[in-house]
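Novice:
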Amino acid sequence: MSSKVDRTGWSRPGDVSYFSLAGAQPKLTLHRQGERWGIPAGRTPTTHILKPPLRELAGFAENEHFCLASRMRSGYPWRDPP
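For what it's worth, this note's numbering labels the leading residue of the sequence shown as 291, then goes sequentially.
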């Protein structure tokens, strides 16, 4: 099995973390505790995911918003983030 290096990803040399969030676009994971924000490392859980818009995926943000809003209106049970 081979892996591809994503040069568009948001990381820094020397980052110590394990990132296993699949998908077609780069993502930045964050951890929020109270009023403080940070980049999770090691076993620190992710509480938020930021995905910058890409020109190649026009309308992607609107589609994702529509899908999430539809799921919320469906009444399907889910867990709120901490």
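The beta carbon of each residue, even a glycine, is placed where N, CA and C say it ideally should be.
1. Measure the alpha-carbon distance for Q315 versus H338 and round it to whole angstroms.
2. I need the straight-line Cα distance from P367 to R345, nearest angstrom please.
3. Skipping 5 residues on each side, what residues in its chain have a beta carbon closer than 7 Å to that of R322?
4. Please name the residue, chosen from T319, R363, S364 and H355, that lies closest to R333 on a Cα-to-Cα basis.
5. Helix, strand or coil for L340? Go by DSSP, reduced to three states.
Specialist: Looking at the atomic coordinates:
1. One alpha carbon belongs to Q315, the other to H338, and they sit about 16 Å apart.
2. Each residue's alpha carbon lies about 33 Å from the other.
3. So the list reads T337 and H338, once near-sequence residues are dropped.
4. Of all alpha-carbon atoms in T319, R363, S364 and H355, the one lying nearest the alpha-carbon of R333 is that of T319.
5. Three-state result, L340: strand.
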